[in-house]
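Student:
2 protein chains.
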Amino acid sequence: MNKINPTFSDVETAAERIAPFAEKTPVLTCSAINEMVDAKLYFKCENFQKVGAFKFRGACNAVFSLTDEQASKGVATHSSGNHAAALALSGKLRGIPVHIVMPSNAPENKKQAVEGYGGKITYCEPKVHAREVTLKKVIDKTHSIEIHPYNDKRTISGQGTVALELLQSHPDLDVIITPIGGGGLISGTCIAAKGLNPNVTIIGAEPKGADDAFLSLEKGEIVPQLNPNTIADGLLSSLGTKTFPIIYKHVSKIITVSENEIIRAMRLLWERLNIIIEPSSAVVLGALMKHPEENIGNKIGVILSGGNADLNNLPW
Amino acid sequence: MNKINPTFSDVETAAERIAPFAEKTPVLTCSAINEMVDAKLYFKCENFQKVGAFKFRGACNAVFSLTDEQASKGVATHSSGNHAAALALSGKLRGIPVHIVMPSNAPENKKQAVEGYGGKITYCEPKVHAREVTLKKVIDKTHSIEIHPYNDKRTISGQGTVALELLQSHPDLDVIITPIGGGGLISGTCIAAKGLNPNVTIIGAEPKGADDAFLSLEKGEIVPQLNPNTIADGLLSSLGTKTFPIIYKHVSKIITVSENEIIRAMRLLWERLNIIIEPSSAVVLGALMKHPEENIGNKIGVILSGGNADLNNLPW
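Right, here's the structure in full:
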């Protein structure tokens, strides 16, 4: 029987499982940004991952970890973001049905991405409760298997492959920093990084306007995110029961970042690295720029989570 | 004595010479774009090169190929674009003076880039003749060595390292396509690619509004570019006496692309690859999208030349 919490071995298995489908994303560096923060930064570019975000790793690992019998009825989730597209593509690759519950006001491009991969969308009222009720109905009807965007061992193990790859290509990192939304990426990062090298420091970066992880670590229990308000729309979720304990145990610090700091860091990454990243990805550099005095001499792995920015609506 | 034309061995030497300084740029793929053009495209991302453009390779090779005595008086060029920044950084790395002649109306960010690397700018009237006269004065005064942006064996050999790297990582390419301005990149590509594999087809892509290379290949002699008019501001130059013969001998075809086709391809690369490329780089994808029926089944290396786009002035 599987243990409840993902282990380093689960991350290694996930890496093998998704290898035929996922990109090994490049790591970029920028001497001008290094000078600004007085550290050596290694940007792991998940904006170049399939569907433009690390979410593909977790969804792909979950979908391909199912038995044929389990998979035959398809998979389901509720999401208005990158996880929806990631699950739709993963299901397409396995040739199984994918059911996505989306709020009726979800962005047009996210709907199109899901439909483009053959996902079946069920719309609901744009409220958390309605999403959960609607998802339950879809699952009752289709007998599909729920793949949660972050509170799922299979998802977390898949997200852990980002840090696994990063530390395999750059074994001497002192620190890894990731954004925190529901905590799937950072908890996978903890499992992978601590498994390879217990001395790696893990830091989280979070918008001030959605600082539930910061508050949860202070309080020692999950503090739900009630009214998030930030441009970083991938980081609105509360921590989950599976991600919180891992984060509480392994993450050294969470740095919160203002909206202006996020936008400034986003523009800097566009201009200096010549890459397109979404606001949620900029939070990590915003955090490092806020506290350059703490970074001196460190080699820092910086996980840029995704690149699905709206080119028609730039924040500057 | 050196032969006049660069050889494959010159490109190999250049690769060794610039290795401590230049990035080995990543190669990205995109299944959605592959479907559109019915071919497998491998994007060599020189927008991630130092100074944001392949030009660093040629400038760096030229600067580090000088003897200490030659280098001591510094280097000089006239350029309002990426070559200026590339030469300034290369000179800084070698610790020698760099003199750049720039038209007085050069973009502010280009001036800042040169000055940021410690280059000394001499301004002149924004006319070709004024640039040449002013450069001659600067060289007479400083005894610095001219490093031409493309009509120079050392520059061409350095630019050839893009294709060398690309074919070393992807040896089974059938075709390589590059943009054409003065012809430094594509002539270096010819030397490198044909040296590794004579069967690789080399194709050039050029804006319709600056189609001197297309006309030169038709006529069999250099047709100067008189009044270029294109958003692709890296591709305004005429072919040179050293680049034309190499291109004439080795390039199979030059495809010309309209402004709308360039802008459409640029946006597609931003949206689908999540990378920032300048208009001059989009010309190659514009060319491939124009003639998808010719690409069937081919593996095509696509050189994206640079990423110095103006985020405040996007063409859509």
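Residue numbers (this note's numbering), protein chains in the order written: chain A, 5 to 320; chain B, 5 to 320.
Cβ coordinates follow ideal geometry from the N, Cα and C atoms, glycine included.
Answer yes or no: the CB of B/Ile258 versus the heavy atoms of the ligand GTP, is any distance below 7 Å?
Tutor: In terms of ligand content, the structure shown is empty, and the ligand GTP therefore cannot be addressed.
Student: Closer than 8 Å, Cβ to Cβ, to anything on chain A: give me those residues from the region 271-289 of chain B, in chain order.
Tutor: Arg271, Trp274, Glu275, Leu277, Asn278, Ile279, Ile280 and Ile281
Student: Identify, in the order they occur along the chain, each residue of the same chain with its Cβ nearer than 7 Å to the Cβ of A/Pro130, setting aside the five sequence neighbours on each side.
Tutor: The sequence position of residue 130 of chain A within the first sequence is 126, counting from 1. Taken in chain order, the residues that qualify are Pro107, Ser108 and Asn109.
Student: Per DSSP, what kind of secondary structure is B/Glu169 in: helix, strand or coil?
Tutor: Position 165 of the second sequence, counted from the start, is the residue given in the question as residue 169 of chain B. Judged by DSSP in its simplified three-state form, B/Glu169 adopts helix.
Student: Can you tell me whether B/Pro153 is buried or exposed? The criterion is at least 16 other CB atoms within 10 Å of its CB, across all chains shown.
Tutor: Reading the second sequence from its first residue, position 149 is the one you call residue 153 of chain B. Buried.
Student: What residues from the region 48-59 of chain B come within 7 Å of chain A, judged by C-beta to C-beta, listed N to C?
Tutor: Asn51, Phe52 and Gly56
Student: Out of B/Asp314, B/Thr205 and B/Lys212, state which residue places its alpha-carbon closest to the alpha-carbon of B/Val306.
Tutor: Within the second sequence, numbered from 1, the residue matching residue 306 of chain B stands at position 302. With distances taken between Cα atoms, B/Val306 lies closest to B/Thr205.
Student: If you draw a straight line from the C-alpha of B/Pro24 to the C-alpha of B/Lys59, how long is it?
Tutor: By one-based count along the second sequence, residue 24 of chain B stands at place 20. By one-based count along the second sequence, residue 59 of chain B stands at place 55. Looking at the two C-alpha atoms, the distance is approximately 16 Å.
Student: Where does A/Ile190 sit, in a helix, a strand or coil, going by DSSP?
Tutor: Counting from 1 along the first sequence, the entry for residue 190 of chain A is found at position 186. The answer is helix: DSSP assigns A/Ile190 an H, G or I state.
Student: Please list the terminal residues of the continuous alpha helix (DSSP H) segment that includes A/Leu93.
Tutor: Counting from 1 along the first sequence, the entry for residue 93 of chain A is found at position 89. Segment Asn86 to Arg98, the alpha helix (DSSP H) holding A/Leu93.
Student: Closer than 8 Å by beta-carbon distance: list the chain B residues that pair up with A/Gly311, in chain order.
Tutor: Sequence index remark: in the first sequence, residue 311 of chain A carries index 307 (1-based). Asn278, listed in chain order.
Student: So, for B/Ala291: in the same chain, excluding its five sequence neighbours on each side, which residues have a beta-carbon less than 7 Å away from its beta-carbon?
Tutor: Position 287 of the second sequence holds residue 291 of chain B. Cβ within range, chain order: Ile181, Ala209, Ile259 and Val261.
Student: So, at 6 Å on beta carbons, what are the nonlocal neighbours of B/Leu97 in its own chain, with the 5 sequence-adjacent residues on each side left out?
Tutor: Translated into positions along the second sequence, residue 97 of chain B becomes position 93. Excluding positions up to five away in sequence, the list reads Phe25.
Student: Roughly how many angstroms lie between the CA atoms of B/Pro175 and B/Glu39, to the nearest whole one?
Tutor: Looking up residue 175 of chain B in the second sequence gives position 171. Looking up residue 39 of chain B in the second sequence gives position 35. Within the model, the alpha-carbon separation for B/Pro175 versus B/Glu39 is close to 22 Å.
Student: Between A/Leu168 and chain B, is there a C-beta pair that is closer than 8 Å?
Tutor: Here residue 168 of chain A refers to the residue found at position 164 of the first sequence. Closer than 8 Å: no.
Student: Going by DSSP, what residue range makes up the alpha helix (DSSP H) through A/Lys115?
Tutor: On the first sequence, position 111 is the one that residue 115 of chain A refers to. First-last of the alpha helix (DSSP H) with A/Lys115: Glu112 to Gly120.
Student: Tell me whether the region 220-231 of chain A and the region 242-258 of chain A touch, counting them as touching only if at least three CB pairs, one residue from each stretch, are closer than 8 Å.
Tutor: yes
Student: Run through DSSP, which three-state label would B/Lys303 get?
Tutor: Counting from 1 along the second sequence, the entry for residue 303 of chain B is found at position 299. Strand at B/Lys303.
Student: I'd like to know whether the C-beta of A/Pro30 is nearer than 8 Å to at least one C-beta of chain B.
Tutor: Against the first sequence, residue 30 of chain A aligns to sequence position 26. A/Pro30 counts as touching chain B.
Student: Going by the beta-carbon positions, is the gap between B/Ser161 and B/Pro319 smaller than 8 Å?
Tutor: Your numbering for residue 161 of chain B matches position 157 in the second sequence. Your numbering for residue 319 of chain B matches position 315 in the second sequence. Not a contact, by the Cβ cut-off of 8 Å.
Student: Cβ closer than 9 Å: which chain B residues qualify as neighbours of A/Leu315?
Tutor: By 1-based counting over the first sequence, the position of residue 315 of chain A is 311. Going along chain B in sequence order, the residues near A/Leu315 (Cβ under 9 Å) are Arg271, Trp274, Glu275, Leu318 and Trp320.
Student: Using a 10 Å radius around the Cβ and a threshold of 16 neighbouring Cβ atoms, would you call A/His87 buried or exposed?
Tutor: The sequence position of residue 87 of chain A within the first sequence is 83, counting from 1. Buried.
Student: Is the CB-CB distance between A/Glu275 and A/Ala313 below 8 Å?
Tutor: By 1-based counting over the first sequence, the position of residue 275 of chain A is 271. By 1-based counting over the first sequence, the position of residue 313 of chain A is 309. No, the Cβ-Cβ distance between A/Glu275 and A/Ala313 is not below 8 Å.
Student: Looking at the secondary structure, which residues open and close the alpha helix (DSSP H) in which A/Ala247 lies?
Tutor: Counting from one through the first sequence, the residue named residue 247 of chain A turns up at place 243. Residue identity differs from the one stated: residue 247 of chain A is Thr in this sequence, not Ala. Element bounds for A/Thr247: Thr247 to His254.
Student: Taking all protein chains shown into account, do 16 or more other C-beta atoms lie within 10 angstroms of the C-beta of B/Met5, making it buried, or fewer, making it exposed?
Tutor: Translated into positions along the second sequence, residue 5 of chain B becomes position 1. Note on B/Met5: pLDDT 36, under 50, position unreliable in the model; the coordinate value appears next. Classification for B/Met5: exposed.
Student: Give the C-beta separation of A/Glu50 and A/Ala57 to the nearest angstrom, bearing in mind that I take them to be a contact with Cβ-Cβ under 8 Å.
Tutor: Your numbering for residue 50 of chain A matches position 46 in the first sequence. Your numbering for residue 57 of chain A matches position 53 in the first sequence. At roughly 6 Å, the Cβ-Cβ gap stays under 8 Å, so A/Glu50 and A/Ala57 are in contact.
Student: What residues match up with A/Pro228 in a beta bridge as DSSP calls it?
Tutor: Locating residue 228 of chain A in the first sequence gives position 224, where the first residue counts as 1. Answer is none; A/Pro228 lacks a bridge partner.
Student: Assign B/Val122 to one of two classes, buried (16 or more other C-beta atoms within 10 Å of its C-beta) or exposed (fewer than that).
Tutor: Your numbering for residue 122 of chain B matches position 118 in the second sequence. The question names Val, but residue 122 of chain B is Gly in the sequence shown. Exposed, by the Cβ-count rule.
Student: Within 8 Å (strictly less), CB to CB, does B/Met5 reach chain A?
Tutor: Here residue 5 of chain B refers to the residue found at position 1 when the second sequence is read from its first residue. Reliability of the predicted coordinates at B/Met5 is poor, the pLDDT of 36 falling under 50, and no value is obtained from them.
Student: According to DSSP, simplified to helix, strand and coil, what is B/Met5?
Tutor: Here residue 5 of chain B refers to the residue found at position 1 when the second sequence is read from its first residue. Unreliable positioning characterises B/Met5 in this predicted model, as indicated by a pLDDT of 36, which lies under 50. A coordinate reading is not provided.
Student: Between the C-alpha atoms of B/Asn79 and B/Gly95, what's the straight-line distance to the nearest angstrom?
Tutor: Against the second sequence, residue 79 of chain B aligns to sequence position 75. Against the second sequence, residue 95 of chain B aligns to sequence position 91. The question names Asn, but residue 79 of chain B in the sequence shown is Val. Looking at the two C-alpha atoms, the distance is approximately 7 Å.
Student: Classify B/Asp216 as buried or exposed, calling it buried when 16 or more other Cβ atoms lie within 10 Å of its own Cβ.
Tutor: Against the second sequence, residue 216 of chain B aligns to sequence position 212. It is buried - the Cβ of B/Asp216 has at least 16 other Cβ atoms within 10 Å.
Student: Is B/Glu265 buried or exposed, if buried means 16 or more other CB atoms sit within 10 Å of its CB?
Tutor: Start at 1 with the first residue of the second sequence, and residue 265 of chain B comes out as number 261. Buried: at least 16 other Cβ atoms inside 10 Å.
Student: Got a sec? Which residues, its chain only, sit under 7 Å from B/Leu273 by beta carbon, not counting five neighbours each side?
Tutor: The sequence position of residue 273 of chain B within the second sequence is 269, counting from 1. Within the same chain, B/Leu273 has close Cβ partners Ile279, Ile281, Ala286 and Leu289.
Student: For A/Asn155 versus A/Thr247, is the C-beta spacing smaller than 8 Å?
Tutor: Reading the first sequence from its first residue, position 151 is the one you call residue 155 of chain A. Reading the first sequence from its first residue, position 243 is the one you call residue 247 of chain A. Yes, the pair counts as a contact, with Cβ atoms nearer than the cut-off.
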